[in-house]
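Before any comments, here is the structure.
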Amino acid sequence: MKTMQHLIKFIGGIRFAIALIATVALFVMAGTFIESRTESHQYASLFTYGNPLFIALLWGFFVNILISALRRWPFQMRHIPFLTTHLGLLMILAGALYKSYAGIQGNMSIIEGSASQEIFLPYTYAVKVEKKDEVHADQRKEAYYALHKSLSGRFNPDLKEDNHPFFPELKMKLVAYAPHSSSRMETWIKGDMGVISGIKPFPVYDWKQLDPQSNLPVSTRIRLPQMQDKPWQVLALRTPDRAESAKRAYLEGLDLFITDSFNQTILYQGSLTQAIAAPIKWAGGEAKVELSFESSQEKGLMDPFLNVTFHLNESGLNASLQIPLSGDESLKNLNEQSVFFGGYPIAFDLLRKEPRMVLLQDLHGDDYFLAFDLYGRVHVRTYRPAALDSLIVYDQGFGGYAVPYAFPFTAHLNGRLEREQVELSDLMQQIRQGLQTASLLSPPLQLFQTASQKAGVDFVENFTTFLSIWNRHHGWLYPNDLLLSESIAEVMNQLDWKNGFQSEQKAALWASALFAELEGPLVAGSDVLQLLEERGWPLIAELRPLKTGEGFCTAQETAVILTTLTQQLFKAANQLPDMLPHAHPLSPETQAHLFSAYLRAYSLHLSDLQLPNSSAEREVNSSEMALETPLTLRVENQIPNRKLEDNVPKITLLLTQGERSELVTLAYDPIGQGLKWPIFDGEYLLRFQPKVQTIPYRLRLRQARQINYANSLQPYSFESDLLISDGTEAPAIEKTISMNHVYETWEGYRFYLSNIAPPNEGAVKHVQIIVNHDPGKYWLTYPGAMLLTLGIILLFWMKPYAFLKK
Amino acid sequence: MPILILMFLLLTGCSDSNSDSTAPYPHPYTTQEFQGRDTGLPPYQRHWIYRAKVPVHWVRVVPLSTESLLDTMKPLSEFLIKDDAGTGQVKIAIHNFPSDHLNARIAPMAQILRWKKQFSSLDPTSEQLIPQAFGGFSGFLFVGSGTLSGQENLSMMLAWTMQIYPEHYQSLSLAFPGNEGFDRVRQMRADYTLKVTGPKQLVEKNREAIMSFATSFELIHEIPLRQ
Numbered sequence: 014m015k016t017m018q019h020l021i022k023f024i025g026g027i028r029f030a031i032a033l034i035a036t037v038a039l040f041v042m043a044g045t046f047i048e049s050r051t052e053s054h055q056y057a058s059l060f061t062y063g064n065p066l067f068i069a070l071l072w073g074f075f076v077n078i079l080i081s082a083l084r085r086w087p088f089q090m091r092h093i094p095f096l097t098t099h100l101g102l103l104m105i106l107a108g109a110l111y112k113s114y115a116g117i118q119g120n121m122s123i124i125e126g127s128a129s130q131e132i133f134l135p136y137t138y139a140v141k142v143e144k145k146d147e148v149h150a151d152q153r154k155e156a157y158y159a160l161h162k163s164l165s166g167r168f169n170p171d172l173k174e175d176n177h178p179f180f181p182e183l184k185m186k187l188v189a190y191a192p193h194s195s196s197r198m199e200t201w202i203k204g205d206m207g208v209i210s211g212i213k214p215f216p217v218y219d220w221k222q223l224d225p226q227s228n229l230p231v232s233t234r235i236r237l238p239q240m241q242d243k244p245w246q247v248l249a250l251r252t253p254d255r256a257e258s259a260k261r262a263y264l265e266g267l268d269l270f271i272t273d274s275f276n277q278t279i280l281y282q283g284s285l286t287q288a289i290a291a292p293i294k295w296a297g298g299e300a301k302v303e304l305s306f307e308s309s310q311e312k313g314l315m316d317p318f319l320n321v322t323f324h325l326n327e328s329g330l331n332a333s334l335q336i337p338l339s340g341d342e343s344l345k346n347l348n349e350q351s352v353f354f355g356g357y358p359i360a361f362d363l364l365r366k367e368p369r370m371v372l373l374q375d376l377h378g379d380d381y382f383l384a385f386d387l388y389g390r391v392h393v394r395t396y397r398p399a400a401l402d403s404l405i406v407y408d409q410g411f412g413g414y415a416v417p418y419a420f421p422f423t424a425h426l427n428g429r430l431e432r433e434q435v436e437l438s439d440l441m442q443q444i445r446q447g448l449q450t451a452s453l454l455s456p457p458l459q460l461f462q463t464a465s466q467k468a469g470v471d472f473v474e475n476f477t478t479f480l481s482i483w484n485r486h487h488g489w490l491y492p493n494d495l496l497l498s499e500s501i502a503e504v505m506n507q508l509d510w511k512n513g514f515q516s517e518q519k520a521a522l523w524a525s526a527l528f529a530e531l532e533g534p535l536v537a538g539s540d541v542l543q544l545l546e547e548r549g550w551p552l553i554a555e556l557r558p559l560k561t562g563e564g565f566c567t568a569q570e571t572a573v574i575l576t577t578l579t580q581q582l583f584k585a586a587n588q589l590p591d592m593l594p595h596a597h598p599l600s601p602e603t604q605a606h607l608f609s610a611y612l613r614a615y616s617l618h619l620s621d622l623q624l625p626n627s628s629a630e631r632e633v634n635s636s637e638m639a640l641e642t643p644l645t646l647r648v649e650n651q652i653p654n655r656k657l658e659d660n661v662p663k664i665t666l667l668l669t670q671g672e673r674s675e676l677v678t679l680a681y682d683p684i685g686q687g688l689k690w691p692i693f694d695g696e697y698l699l700r701f702q703p704k705v706q707t708i709p710y711r712l713r714l715r716q717a718r719q720i721n722y723a724n725s726l727q728p729y730s731f732e733s734d735l736l737i738s739d740g741t742e743a744p745a746i747e748k749t750i751s752m753n754h755v756y757e758t759w760e761g762y763r764f765y766l767s768n769i770a771p772p773n774e775g776a777v778k779h780v781q782i783i784v785n786h787d788p789g790k791y792w793l794t795y796p797g798a799m800l801l802t803l804g805i806i807l808l809f810w811m812k813p814y815a816f817l818k819k
Numbered sequence: 657m658p659i660l661i662l663m664f665l666l667l668t669g670c671s672d673s674n675s676d677s678t679a680p681y682p683h684p685y686t687t688q689e690f691q692g693r694d695t696g697l698p699p700y701q702r703h704w705i706y707r708a709k710v711p712v713h714w715v716r717v718v719p720l721s722t723e724s725l726l727d728t729m730k731p732l733s734e735f736l737i738k739d740d741a742g743t744g745q746v747k748i749a750i751h752n753f754p755s756d757h758l759n760a761r762i763a764p765m766a767q768i769l770r771w772k773k774q775f776s777s778l779d780p781t782s783e784q785l786i787p788q789a790f791g792g793f794s795g796f797l798f799v800g801s802g803t804l805s806g807q808e809n810l811s812m813m814l815a816w817t818m819q820i821y822p823e824h825y826q827s828l829s830l831a832f833p834g835n836e837g838f839d840r841v842r843q844m845r846a847d848y849t850l851k852v853t854g855p856k857q858l859v860e861k862n863r864e865a866i867m868s869f870a871t872s873f874e875l876i877h878e879i880p881l882r883q
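If you're matching them up, the sequences are chains A and B in order. Taking our numbering, the leading residue of the first sequence gets 14, the next gets one more, and so forth. Taking our numbering, the leading residue of the second sequence gets 657, the next gets one more, and so forth.
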C-alpha cells in the first residue's frame, strides 16, 4: 500500500513531469536533427510525433497532470486556479490524443465539373480491387484491402477487405515487400524479347555485342495485309546509341539512284552507304551525299534527311538540295536555295529490297518504332514509358492495355515519281473544279485555253504537263531548246498573241532578253538586286523595299523581286521599244519560252502553286493499318532513399480464388490515378495506392483559376469555387477557397487549396485540396486552451500561494 | 492585471481563417435549369441538363414543347435583356451540339469563324479570343463588335464555345447506363455555345451580369470522377 502511495505520488509529482518534459525535448531535438539530415519530414515524423512512444509520453503527461490535480483532494477555494490550469492542460492533451486516433489528414483530387467525397490518406497502403457488376456491366464493385503493420513493424501477410466483404472468394496474401522500387511501362521490347501482338515474340539483340562489319541480325519477318507486298524485316535492338543504330539499320540494303528528270534514264546506281562514304561520279557529273539522322535528349530521334550537293558537267550547274526522308515532303528533291527556279534536270531516289521495321530501346528504357519503306522513307515514333501519348484500353482495363503503331505507308507504289504524279493529278482536278465554278480565267490561262481549243487537245492536262516539264528545268523561264511533247507543241503553235496580246508578247520578248542575261549569274548564286543595280535597271527603286535584311536577298525575297521585275516589264510593255523575235514563225519551244514569261508575271509556276495533300496520304489515313503491343509493367527493387517521401514501395501479392492463384507485383501509386492492372483473365483490376476515406462532405469543383498580377504571368493568387453539400436535405453551399482562405465546417473539417494544374486559363483544371479534421478541437482543445489561460490569470489574481511566502 | 486581461483578449480574439471569401453574384438572381435536345421523336422528351444563375430581370424565351429541338440551329433557350428606355434588347441564345464520338465534335474555331461571318463588317480592333474553362468544359470567349448582317446599328457579340474535357467525355459514357442514360449522356457531353448579341452599349452595360451568367453555366448532374 505504501509502495502504491509512493508510486502515485511519483506519477503525480514534479519529478515525473520533469522527466517527461526532458524526454519530449529529446524527442523533438532528435526529430529536428533527423529532418535536417535526411530532408525528410516523414522520417522525422515517424521517429517523433508518429512514434508510439511519443503517444505514450502524451499519455504520461495526461496521467501526471490528472493525478497531481486529484492529489489536492479535498478541493478548496484556493485550488481553483490550480485546478483550472490543470483541467485546461488535460483537455488540450485529450484533444491531441483524440486527434491522433480519430483525426483525418488527407488529399482530395477533383477535376472541374466533377465532385468527390473521398480523400487519400498519405503514407498509408491499400490495394484497390475492382470487379464488374454482374448485372450492370458498366458499373463496378470496389473494395480496399489494407496493409496493416504489426507491433514488430512488419506488414501482416494476410490482407483483408476494410469494409464490406464484396469479394469474399478473393484471398490476398503479401509475399514480398520492398520499401523502394522503380517501375516502368514496357511496350515493344520486354526484357530480351520483342513483342508485337499477333506474332511470335522475337529476340532482341544487344547493339554492343554485334559485329560492326556484319549485317544487322533480323529478328523476324512479317507480312502485313494491305501493305507493300514484300515481307517486312523486323530488327529489335537494345542500344546505347539510338542515332547510330537507326542510321546503320536504315542504310543497310538501301540503294541510291540518280535519274534524268526528263527521260527517267538511270545515270547512277549504287549503295547509299558508299555514296555517303565517298563522292560519287557518273558520266554527266558528280555528287556528294550526307545523311542526317540525329537524336536529341528531349525529342528522341529527329526527322532524318539527305543533303546532296552536285555538279553537272554539261551545264556547269553547281547546286545543292535536301531530301526529307519523313513527313509530307518525304523523298522530294527540295531545292531550298532557289526554289523559284523549280527543280533540277536530275533527280535522286532511293530503293531498298525489303522494307524494314526497327524496334530500338535506349538506355533510358524509351522504345522507338522505326519503319523504313521500300523507297527509303522513314517513320519514327517514340514510346516514352512515362509519357505515352496513346493507349488502347480494352474493356475499361479489364481486358488490359496496349499501345498502337499506326502504319503511315500505303500499299501502293509510293515513290517520289508516283507522289509527284498524284500531286499533279490533284492539281489537274483542282483546276477542273475551278473551271466549273470560276467565271474568269487569268489572261495567260485564257490564252492557253484558246490555243488548246484550236489544237483540239485537253487544256488542263496539257497545261499541267507543261508546268511539270518546265519545273524540271532549273531556270526562271522555259528554255528555248527544250523539246515539247507533240500535243503541247501543237498548243504552243496555236498561241495567238496578235489577238489582244500584242503588248504581252512584246513584254515577254523583253523578259526573254533580260532573263537571258540574268539567269546565268543568278543560278551561279549572284544577288538579284546587285545584278539589276549593275545593269542600271530604271525601276529598281520599286524593288529595293522588297528586301528587308542585310546582305544577299533570301530565296523568298529573290522570288518576289523576280516576279515583280517580270510584272514591271508587262506593265511597261507599251512604253518599251518594239523587239522583233529572232525567227518567224516562232518555234513551239520559243513560244513556250515567251509564254512562260507571261505565266511568271502571274506567279503561275509549279513552285508557286500550293498543291493539295496527295491522295496517297489520304489513302494512308483511310487504311488505318496498325500494329500494337500489350502494355506491361516492370517493377524492380531499388535501394531505399533516406528521404522517405521519395520512396516507392513495391508489393508482391499471391491472389487465390477457389482453385486459381496468381502472383502479381505492384508499385505504389501515391496519388491513386494510374492504371489498374487486370488479374484472373480480367476478372478483377488492382492498384496499390493510399487508403481512401469517405468524409461526410461532398465537394463539387465549379471553377479553379490562377489570378496573375496585372500584365504579367506571375500568379498572384489561386482560387477554387466549390459547391459543398453534407448529404442532408440542406442546400449545398457555395464557397471560394484560395491559398489564404481556408473553409472550415462546423464539425471542424478544414479544406485547404493545395494545388491547381495546369496553370493556363483555357484548360480544365485539376485541383488538390487538403482535408483536415480535428474532431476534438471545438470541445477539447480550444476550451482547454481558454481554461488554461483563465487558470493562469486566476493564479496571478487570487495569489493562492501567497501564504507560502509568509 | 489589465495587461493580463489585454493579453487574454488578444489571444482569444485572433482573426478567424474561416472568413467568407466567396464572391457574391453581382445581381439578384435565380438558378434556372435548361433542357437538352430531344431525339426527334414525339412526344419530344427532353432531359434537364444545364443550370445557371440568371439575373431576375432577364426575360426567358422557352421553346415550344410540341416542337422538336433536334435541329441544332434551334436554341435550347433564349434570354432577352431589355433596355430601360426600350431602345433595344440583348439576346442570349443557348445551343448545344451533341456528338457520338470525341472526334466528331465541332472545332471551337469553326464556331468562331461562323460567328465572324455573321458580321457584315467586323471591327478588327474589337476582336478578342479569350481562353475559358469552367464546369468541366473548356473553350473560347469570342468578343467582337461591328455591324451584324441585316442590321444597321453598331452591335456587339460575346460568344462562348465550350467543349467538355475529354476525360469527362469518357467518364460520362459509363455513368448513365441504359437507353435513357445514353440520351442524357449524349446531351451532357455535347459542346455548348452561349451567344450574346445586341447593341454595343447595352451589351457593355450588362457585361458583368452576362459574364457571371456564362461562368455559372454548368451541368446539373456532377460529372463522375473515375479514380
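Cβ atoms here follow ideal geometry from the backbone N, Cα and C, with glycine treated the same way.
Cβ of residue i less than 8 angstroms from any chain A Cβ?
i: B/L881; result: yes
i: B/P682; result: no
i: B/G792; result: yes
i: B/H824; result: yes
i: B/E808; result: no
i: B/E874; result: yes
i: B/Y706; result: no
i: B/E723; result: no
i: B/E689; result: no
Looking at the secondary structure, which residues open and close the alpha helix (DSSP H) in which residue i lies?
i: A/H54; result: 54-60
i: A/S609; result: 601-614
i: B/P764; result: 764-773
i: A/N77; result: 65-83
i: A/V41; result: 27-51
Measure the CB-CB distance between residue i and residue j and report whether it falls below 8 angstroms.
i: A/G116; j: A/D787; result: yes
i: A/F354; j: A/V536; result: yes
i: A/L679; j: A/I664; result: yes
i: B/E878; j: A/S127; result: yes
i: B/H751; j: B/Y848; result: yes
From what residue to what residue does the beta strand (DSSP E) around residue i run?
i: A/A639; result: 639-643
i: A/N768; result: 762-770
i: A/T97; result: That residue, A/T97, is in no beta strand (DSSP E); its alpha helix (DSSP H) goes 93-115.
i: A/E732; result: 728-738
Check whether the Cβ of residue i lies closer than 8 angstroms to any Cβ atom in chain B.
i: A/A43; result: no
i: A/N773; result: yes
i: A/R713; result: yes
i: A/Q462; result: no
i: A/G549; result: no
Shorter than 7 angstroms, the distance from the beta carbon of residue i to the closest heavy atom of the ligand ATP, or not?
i: A/K689; result: Summarising the ligand content, the structure contains no ligands, and the ligand ATP is consequently not present.
If we define contact as Cβ-Cβ less than 8 angstroms, is residue i a contact residue for chain E?
i: B/L720; result: Among the protein chains of the structure shown, namely A and B, there is no chain E.
Q) Listed from N- to C-terminal order along the chain, which residues in the region 777-790 of chain B have their beta-carbon within a distance smaller than 7 angstroms of any beta-carbon of chain A? A) For the region 777-790 of chain B, the set of positions with a beta-carbon nearer than 7 angstroms to some beta-carbon of chain A reads P787, Q788, A789, F790 in chain order.
Q. If contact means a Cβ-Cβ distance below 9 angstroms, which residues of the region 92-117 of chain A contact chain B?
A. Legend: CB atoms of the region 92-117 of chain A lying less than 9 angstroms from CB atoms of chain B are not found in any residue.
Q | Length at least 3, wholly inside the region 454-511 of chain A: the beta strand (DSSP E) runs in chain order | A | Fully enclosed beta strand (DSSP E) runs of 3 or longer: not present.
Q: Taking only beta carbons into account, state which residues of the region 859-872 of chain B come closer than 9 angstroms to chain A, listed in chain order.
A: Residues T871, S872.
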